[in-house]
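If you read the sequence shown in my numbering, its first letter stands for residue 299, the second for the next number, and so on.
Note that beta-carbon positions come from the ideal geometry of N, C-alpha and C, so glycine has one too.
Quantities reported herein were computed from a predicted structural model and do not represent experimental measurements.
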Amino acid sequence: MVRILTRLVPTATSIFFVLLGAVPLGLPGFATVGPLYSLCAVFFWTVVRPTLLPPFAVFFVGLVEDSLSGGPLGLWAVLFLLVQFVTISQRRVLVGIRFLLSWASFVPVCYIVGVAAWGGASLYYGHILSLRPIMLQSTLTLLAYPAVAWLLTLCMRKLISSG
């Protein structure tokens, strides 16, 4: 039973961060834009424990993100899978590096995903959307990564100590 619960932690925490991202910040000018915490979680778990966050779970997390964000259904699901694929391909380099380097490696991921989401949404809606909100979201996501990674590191340590 403990083993099953342990295997669910990365997916559950990723979904928790999707739900957290759906909560309005209540800040002026941030009504529609906030950090994409779920992207931080997918990146983190893919680097640290990829076997505990299989592709079907990443796809599911993306679908939950899609359904709560109001965007095209499947956009975040596909983008999260691409993030997982690229991150796994670079995992040898990312495992064991200092946090600042890990965070720096998240920078291009964050902005490339942002531009890809902008392109997908622009195609879906049939006109070119403003790039400003997605760049703001990417920046907020990048700034949120240390806090998300810290919380997920605590979860991971708890997993290791309990199982």
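The segment 415–431 touching the segment 317–326, judged by at least three CB pairs closer than 8 Å: no
Quick check: Arg305 and Leu351, are their CB atoms within less than 7 Å of each other? no
Unbroken alpha helix (DSSP H) run spanning Pro333, endpoints: Counting along the chain, Pro333 falls outside any alpha helix (DSSP H), and DSSP gives it neither H nor E.
So, at 6 Å on beta carbons, what are the nonlocal neighbours of Pro308 in its own chain, with the 5 sequence-adjacent residues on each side left out? Trp343, Leu350 and Leu351
Does the beta-carbon of Gly418, which I'm using as the reference point, lie nearer than 6 Å to any heavy atom of the ligand MN? Ligands displayed in this structure: none; no statement on the ligand MN is therefore possible.
Residue range of the alpha helix (DSSP H) that includes Leu371: Segment: none, Leu371 is in no alpha helix (DSSP H) and carries neither H nor E.
Could you pull the start and end residues of the alpha helix (DSSP H) that Phe417 belongs to? Rather than Phe, the amino acid found at residue 417 in this sequence is Gly. It spans Phe397 to Tyr423 - the alpha helix (DSSP H) in which Gly417 sits, taken as one unbroken run.
What number of angstroms, rounded off, separates the C-alpha of Leu337 from the C-alpha of Arg396? 20 Å
Over the uninterrupted alpha helix (DSSP H) stretch that includes Arg347, give me the two end residues. Arg347 -> no alpha helix (DSSP H), and no H or E assigned at all.
Below 8 Å on the Cβ atoms is my contact criterion, and I expect Thr439 with Pro333 to pass it. Report the Cβ-Cβ distance as a whole number of Å. 5 Å
How big is the Cα-Cα spacing for Thr311 and Ile426? 33 Å
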